[in-house]
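Encoded as C-alpha coordinates, the structure appears first; notes follow it.
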Amino acid sequence: SHLLQLYQLVVLQNVSTRGVQKIQPVEDKETSEILVPVELDSKEFNHLLCFLPGLLALGSFYPDADTSAQDSAESMTLAKSLVLGSQHIYDTVPTGLAPDKVHVAKGKVEMALDRAFRLRPEHIESLFLLYRLTGDSKYQDMGWKIFQNLEAHCKTDLGYGGLSNVWSVEGKNNDDMPSYFIAETLKYLLLLFAPDDYVSVEDFVFTTEAHPLRKVSNPQEVILPNGSDFTVPVPFPWLLGVLVLLLTTLFVAILILGTRLTRLLRGQKRSRIEKSS
3 SHLLQLYQLV
13 VLQNVSTRGV
23 QKIQPVEDKE
33 TSEILVPVEL
43 DSKEFNHLLC
53 FLPGLLALGS
63 FYPDADTSAQ
73 DSAESMTLAK
83 SLVLGSQHIY
93 DTVPTGLAPD
103 KVHVAKGKVE
113 MALDRAFRLR
123 PEHIESLFLL
133 YRLTGDSKYQ
143 DMGWKIFQNL
153 EAHCKTDLGY
163 GGLSNVWSVE
173 GKNNDDMPSY
183 FIAETLKYLL
193 LLFAPDDYVS
203 VEDFVFTTEA
213 HPLRKVSNPQ
223 EVILPNGSDF
233 TVPVPFPWLL
243 GVLVLLLTTL
253 FVAILILGTR
263 LTRLLRGQKR
273 SRIEKSS
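Here the sequence shown stands for residues 3 to 279, numbered as in my numbering.
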(Lines of atoms letter the chains of each structure in order from A and count residues from 1; the text may use other names and numbers.)
(Lines give C-alpha, C1' and ligand atoms only; values in the text may rest on other atoms or scores of the structure.)
Protein backbone atom coordinates (compact mmCIF):
# COMPACT_ATOMS: atom_id res chain seq x y z
CA SER A 1 0.00 0.00 0.00
CA HIS A 2 2.86 2.42 0.78
CA LEU A 3 4.49 1.61 -2.58
CA LEU A 4 1.22 2.28 -4.38
CA GLN A 5 0.88 5.63 -2.61
CA LEU A 6 4.45 6.46 -3.65
CA TYR A 7 3.58 5.49 -7.23
CA GLN A 8 0.55 7.79 -7.15
CA LEU A 9 2.57 10.69 -5.74
CA VAL A 10 5.82 10.42 -7.66
CA VAL A 11 4.85 8.85 -10.97
CA LEU A 12 1.30 9.92 -11.78
CA GLN A 13 1.41 13.49 -10.49
CA ASN A 14 4.86 14.30 -11.87
CA VAL A 15 4.45 12.59 -15.23
CA SER A 16 1.02 14.02 -15.98
CA THR A 17 1.95 17.59 -14.98
CA ARG A 18 5.69 18.09 -15.53
CA GLY A 19 7.12 14.99 -17.18
CA VAL A 20 5.53 15.35 -20.62
CA GLN A 21 5.93 17.51 -23.69
CA LYS A 22 3.24 17.86 -26.37
CA ILE A 23 4.22 17.17 -29.95
CA GLN A 24 2.41 17.27 -33.26
CA PRO A 25 -0.68 15.05 -33.16
CA VAL A 26 -0.90 11.97 -35.33
CA GLU A 27 -3.93 10.21 -36.70
CA ASP A 28 -5.21 8.01 -33.91
CA LYS A 29 -8.79 7.18 -33.07
CA GLU A 30 -8.22 6.85 -29.33
CA THR A 31 -5.76 9.65 -28.58
CA SER A 32 -6.40 13.28 -29.49
CA GLU A 33 -2.82 14.32 -28.73
CA ILE A 34 0.48 12.60 -28.22
CA LEU A 35 2.99 13.34 -25.51
CA VAL A 36 6.69 12.64 -25.18
CA PRO A 37 8.17 11.59 -21.82
CA VAL A 38 10.77 14.17 -20.81
CA GLU A 39 13.13 14.77 -17.92
CA LEU A 40 11.54 16.90 -15.21
CA ASP A 41 14.32 19.46 -15.08
CA SER A 42 15.65 19.75 -18.62
CA LYS A 43 12.39 18.90 -20.44
CA GLU A 44 14.40 16.73 -22.80
CA PHE A 45 13.41 13.37 -24.21
CA ASN A 46 15.59 10.57 -22.89
CA HIS A 47 15.15 7.06 -24.24
CA LEU A 48 15.48 5.62 -20.74
CA LEU A 49 12.10 7.23 -19.94
CA CYS A 50 10.29 5.15 -22.56
CA PHE A 51 9.40 2.55 -19.91
CA LEU A 52 6.85 4.97 -18.42
CA PRO A 53 3.92 4.11 -20.73
CA GLY A 54 4.19 0.46 -19.73
CA LEU A 55 4.40 1.37 -16.06
CA LEU A 56 1.32 3.58 -16.29
CA ALA A 57 -0.59 0.91 -18.20
CA LEU A 58 0.19 -1.66 -15.50
CA GLY A 59 -0.89 0.82 -12.82
CA SER A 60 -4.16 1.34 -14.66
CA PHE A 61 -4.81 -2.35 -15.24
CA TYR A 62 -3.97 -3.41 -11.67
CA PRO A 63 -5.13 -0.50 -9.48
CA ASP A 64 -5.19 -0.56 -5.70
CA ALA A 65 -8.40 -0.31 -3.70
CA ASP A 66 -8.14 3.50 -3.40
CA THR A 67 -7.81 4.14 -7.14
CA SER A 68 -10.99 5.27 -8.82
CA ALA A 69 -12.13 4.05 -12.22
CA GLN A 70 -11.58 7.55 -13.57
CA ASP A 71 -7.97 7.64 -12.36
CA SER A 72 -7.31 4.23 -13.94
CA ALA A 73 -8.81 5.39 -17.23
CA GLU A 74 -6.71 8.57 -17.17
CA SER A 75 -3.56 6.55 -16.51
CA MET A 76 -4.26 4.32 -19.50
CA THR A 77 -5.00 7.33 -21.72
CA LEU A 78 -1.71 8.91 -20.65
CA ALA A 79 0.14 5.63 -21.29
CA LYS A 80 -1.28 5.36 -24.82
CA SER A 81 -0.39 8.96 -25.57
CA LEU A 82 3.17 8.61 -24.28
CA VAL A 83 3.88 5.41 -26.20
CA LEU A 84 2.73 7.16 -29.38
CA GLY A 85 5.06 10.03 -28.56
CA SER A 86 8.00 7.66 -28.11
CA GLN A 87 7.13 5.97 -31.40
CA HIS A 88 6.95 9.39 -33.04
CA ILE A 89 10.59 9.97 -32.07
CA TYR A 90 11.49 6.69 -33.79
CA ASP A 91 9.54 7.64 -36.91
CA THR A 92 11.12 11.09 -37.32
CA VAL A 93 14.61 9.83 -38.22
CA PRO A 94 15.73 8.11 -41.46
CA THR A 95 16.85 4.89 -39.75
CA GLY A 96 13.60 4.54 -37.82
CA LEU A 97 15.58 4.09 -34.58
CA ALA A 98 15.31 6.71 -31.86
CA PRO A 99 18.24 8.86 -30.75
CA ASP A 100 19.19 8.52 -27.12
CA LYS A 101 18.39 12.12 -26.20
CA VAL A 102 16.71 15.01 -28.02
CA HIS A 103 15.31 18.43 -27.27
CA VAL A 104 11.59 18.67 -28.01
CA ALA A 105 9.84 22.02 -28.38
CA LYS A 106 6.93 23.53 -30.30
CA GLY A 107 5.67 20.10 -31.21
CA LYS A 108 8.87 19.06 -32.99
CA VAL A 109 12.20 17.40 -32.39
CA GLU A 110 14.34 20.53 -32.49
CA MET A 111 17.84 19.31 -31.71
CA ALA A 112 19.57 15.99 -31.10
CA LEU A 113 21.59 16.06 -27.90
CA ASP A 114 22.76 12.48 -28.39
CA ARG A 115 22.35 11.04 -31.89
CA ALA A 116 23.27 7.49 -30.90
CA PHE A 117 20.98 4.47 -30.80
CA ARG A 118 22.18 2.07 -28.11
CA LEU A 119 19.89 -0.95 -28.72
CA ARG A 120 17.82 0.04 -25.70
CA PRO A 121 14.72 -1.97 -24.65
CA GLU A 122 12.48 0.58 -22.89
CA HIS A 123 10.16 1.44 -25.80
CA ILE A 124 9.79 -2.22 -26.83
CA GLU A 125 8.94 -3.03 -23.21
CA SER A 126 6.09 -0.50 -23.24
CA LEU A 127 4.82 -1.75 -26.59
CA PHE A 128 4.75 -5.29 -25.20
CA LEU A 129 2.82 -4.27 -22.08
CA LEU A 130 0.37 -2.04 -23.98
CA TYR A 131 -0.33 -4.84 -26.43
CA ARG A 132 -0.83 -7.49 -23.74
CA LEU A 133 -3.10 -5.22 -21.69
CA THR A 134 -5.20 -3.78 -24.52
CA GLY A 135 -4.99 -6.42 -27.24
CA ASP A 136 -4.50 -3.69 -29.85
CA SER A 137 -2.36 -5.04 -32.69
CA LYS A 138 -1.08 -1.56 -33.62
CA TYR A 139 1.53 -1.97 -30.89
CA GLN A 140 2.72 -5.12 -32.63
CA ASP A 141 2.89 -3.15 -35.88
CA MET A 142 5.11 -0.55 -34.20
CA GLY A 143 7.34 -3.27 -32.77
CA TRP A 144 7.61 -4.99 -36.15
CA LYS A 145 8.80 -1.76 -37.78
CA ILE A 146 11.48 -1.39 -35.11
CA PHE A 147 12.56 -5.02 -35.54
CA GLN A 148 12.89 -4.54 -39.31
CA ASN A 149 14.98 -1.40 -38.73
CA LEU A 150 17.18 -3.29 -36.28
CA GLU A 151 17.77 -5.96 -38.91
CA ALA A 152 18.45 -3.36 -41.60
CA HIS A 153 20.76 -1.02 -39.70
CA CYS A 154 22.14 -2.82 -36.63
CA LYS A 155 22.73 -6.44 -37.63
CA THR A 156 26.36 -7.35 -38.34
CA ASP A 157 28.21 -10.55 -39.20
CA LEU A 158 28.96 -11.14 -35.52
CA GLY A 159 25.80 -9.86 -33.82
CA TYR A 160 24.21 -6.44 -33.48
CA GLY A 161 25.75 -3.02 -32.98
CA GLY A 162 24.21 0.32 -32.10
CA LEU A 163 24.41 3.43 -34.27
CA SER A 164 26.45 6.52 -33.52
CA ASN A 165 24.16 8.68 -35.69
CA VAL A 166 20.56 7.62 -36.33
CA TRP A 167 20.20 10.32 -39.01
CA SER A 168 22.77 8.57 -41.20
CA VAL A 169 21.42 5.52 -43.05
CA GLU A 170 24.93 4.60 -44.20
CA GLY A 171 26.48 5.14 -40.77
CA LYS A 172 28.80 2.61 -39.16
CA ASN A 173 27.81 0.36 -36.30
CA ASN A 174 29.30 0.73 -32.86
CA ASP A 175 31.62 -2.11 -31.88
CA ASP A 176 29.44 -2.91 -28.88
CA MET A 177 26.47 -5.17 -28.17
CA PRO A 178 25.31 -4.62 -24.56
CA SER A 179 24.09 -7.66 -22.65
CA TYR A 180 20.71 -5.97 -22.11
CA PHE A 181 20.06 -6.15 -25.86
CA ILE A 182 19.62 -9.92 -25.65
CA ALA A 183 18.28 -10.00 -22.09
CA GLU A 184 15.68 -7.27 -22.62
CA THR A 185 15.29 -5.83 -26.13
CA LEU A 186 15.09 -9.15 -27.98
CA LYS A 187 13.15 -10.79 -25.15
CA TYR A 188 10.44 -8.12 -25.23
CA LEU A 189 10.29 -8.38 -29.02
CA LEU A 190 9.79 -12.13 -28.68
CA LEU A 191 7.06 -11.66 -26.08
CA LEU A 192 5.37 -8.97 -28.19
CA PHE A 193 4.69 -11.53 -30.92
CA ALA A 194 4.29 -14.62 -28.73
CA PRO A 195 0.87 -16.02 -27.75
CA ASP A 196 -0.80 -13.98 -25.01
CA ASP A 197 -0.58 -16.83 -22.50
CA TYR A 198 3.18 -17.19 -23.05
CA VAL A 199 4.67 -15.63 -19.90
CA SER A 200 1.35 -13.89 -19.24
CA VAL A 201 1.40 -10.53 -17.44
CA GLU A 202 -1.41 -11.92 -15.28
CA ASP A 203 0.87 -14.66 -13.96
CA PHE A 204 4.28 -12.97 -14.05
CA VAL A 205 5.93 -9.70 -13.12
CA PHE A 206 9.14 -8.49 -14.75
CA THR A 207 12.16 -7.07 -12.99
CA THR A 208 13.94 -3.99 -14.36
CA GLU A 209 16.21 -6.38 -16.27
CA ALA A 210 13.23 -8.27 -17.78
CA HIS A 211 13.50 -11.36 -15.59
CA PRO A 212 9.99 -12.88 -15.27
CA LEU A 213 8.97 -13.78 -11.72
CA ARG A 214 5.83 -15.84 -11.17
CA LYS A 215 3.21 -14.22 -8.98
CA VAL A 216 2.10 -16.09 -5.88
CA SER A 217 -1.07 -15.37 -3.93
CA ASN A 218 0.27 -17.12 -0.85
CA PRO A 219 3.93 -16.31 -0.08
CA GLN A 220 4.36 -19.81 1.33
CA GLU A 221 3.23 -21.52 -1.87
CA VAL A 222 5.59 -21.66 -4.85
CA ILE A 223 4.40 -23.17 -8.14
CA LEU A 224 7.05 -24.84 -10.22
CA PRO A 225 7.06 -24.68 -14.06
CA ASN A 226 6.07 -28.36 -14.32
CA GLY A 227 2.93 -27.76 -12.25
CA SER A 228 4.10 -29.39 -9.02
CA ASP A 229 4.26 -27.29 -5.90
CA PHE A 230 5.97 -27.30 -2.56
CA THR A 231 5.72 -25.30 0.64
CA VAL A 232 8.50 -22.95 1.61
CA PRO A 233 8.84 -23.04 5.40
CA VAL A 234 8.83 -19.66 7.05
CA PRO A 235 11.48 -19.61 9.83
CA PHE A 236 10.37 -18.63 13.31
CA PRO A 237 11.72 -15.31 14.63
CA TRP A 238 13.52 -17.06 17.49
CA LEU A 239 15.34 -19.28 15.00
CA LEU A 240 16.89 -16.22 13.40
CA GLY A 241 17.92 -14.98 16.85
CA VAL A 242 19.58 -18.32 17.67
CA LEU A 243 21.45 -18.23 14.36
CA VAL A 244 22.75 -14.72 15.06
CA LEU A 245 23.81 -15.79 18.57
CA LEU A 246 25.67 -18.82 17.25
CA LEU A 247 27.50 -16.77 14.63
CA THR A 248 28.42 -14.14 17.22
CA THR A 249 29.70 -16.81 19.62
CA LEU A 250 31.75 -18.39 16.84
CA PHE A 251 33.26 -15.03 15.93
CA VAL A 252 34.22 -14.29 19.55
CA ALA A 253 35.72 -17.77 19.98
CA ILE A 254 37.84 -17.35 16.86
CA LEU A 255 38.95 -13.92 18.08
CA ILE A 256 39.96 -15.27 21.51
CA LEU A 257 41.72 -18.27 19.98
CA GLY A 258 43.61 -16.02 17.59
CA THR A 259 44.72 -13.74 20.42
CA ARG A 260 45.99 -16.65 22.53
CA LEU A 261 47.78 -18.20 19.57
CA THR A 262 49.50 -14.90 18.84
CA ARG A 263 50.68 -14.60 22.47
CA LEU A 264 51.94 -18.20 22.41
CA LEU A 265 53.97 -17.63 19.26
CA ARG A 266 55.44 -14.42 20.68
CA GLY A 267 56.45 -16.25 23.88
CA GLN A 268 58.16 -19.02 21.91
CA LYS A 269 59.99 -16.43 19.86
CA ARG A 270 61.27 -14.70 23.02
CA SER A 271 62.46 -18.03 24.46
CA ARG A 272 64.43 -18.80 21.32
CA ILE A 273 66.05 -15.36 21.38
CA GLU A 274 67.02 -15.75 25.05
CA LYS A 275 68.53 -19.23 24.49
CA SER A 276 70.53 -18.05 21.50
CA SER A 277 71.93 -15.08 23.46
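Each residue gets a CB set at the ideal place from its N, CA and C atoms; glycine is no exception.
Grouping DSSP H, G and I as helix and E and B as strand, with all else coil, what is residue i?
i: E41; result: coil
i: L259; result: helix
i: N175; result: strand
i: N151; result: helix
i: E276; result: helix
i: Y141; result: helix
i: P27; result: Below a pLDDT of 50, predicted positions are generally treated as unreliable, and P27, at 49, falls in that range; the measurement from the model is reported next regardless. Coil at P27, not helix or strand.
i: E204; result: coil
i: L160; result: coil
What's the gap between the Cα of residue i and the Cα of residue j?
i: I258; j: G243; result: 23 Å
i: D43; j: T261; result: 57 Å
i: L129; j: H213; result: 17 Å
i: G98; j: F206; result: 31 Å
i: Y190; j: L60; result: 16 Å
i: S278; j: K271; result: 11 Å
i: P180; j: T209; result: 18 Å
i: L132; j: L249; result: 49 Å
i: S74; j: L165; result: 38 Å
i: A81; j: Q142; result: 16 Å
i: F195; j: A100; result: 21 Å
i: L50; j: V40; result: 10 Å
i: V95; j: V218; result: 43 Å
i: E46; j: V246; result: 50 Å
i: H105; j: E124; result: 19 Å
i: D178; j: T158; result: 11 Å
i: G173; j: E112; result: 21 Å
i: L188; j: Y182; result: 9 Å
i: A71; j: S170; result: 46 Å
i: F63; j: L135; result: 7 Å
Using the rule of at least 16 other Cβ atoms within 10 Å of the residue's Cβ for burial, across every protein chain shown, is residue i buried or exposed?
i: E186; result: buried
i: L252; result: exposed
i: K110; result: exposed
i: V168; result: buried
i: F53; result: buried
i: M78; result: buried
i: L266; result: exposed
i: I91; result: buried
i: G137; result: exposed
i: I126; result: buried
i: I148; result: buried
i: L57; result: buried
i: K103; result: buried
i: G269; result: exposed
i: L152; result: buried
i: A118; result: buried
i: I36; result: buried
i: P197; result: exposed
i: S273; result: exposed
Where do the N-terminal and C-terminal ends of the beta strand (DSSP E) with residue i fall, by residue?
i: L215; result: 214-216
i: E1; result: Any question about residue 1 goes unanswered here, given that the chain covers just 3 to 279.
i: F47; result: 46-48
Taking the alpha helix (DSSP H) that residue i belongs to, which residues open and close that run?
i: F195; result: 189-195
Please decide whether residue i counts as near chain B, where near means a Cβ-Cβ distance under 8 Å.
i: L129; result: Protein chains in the displayed structure number just one, and chain B is not present.
Could you give the uninterrupted runs of the alpha helix (DSSP H) lying entirely in the stretch 61-122, keeping only those of 4 residues or more? Complete alpha helix (DSSP H) runs here, min 4: 71-93.
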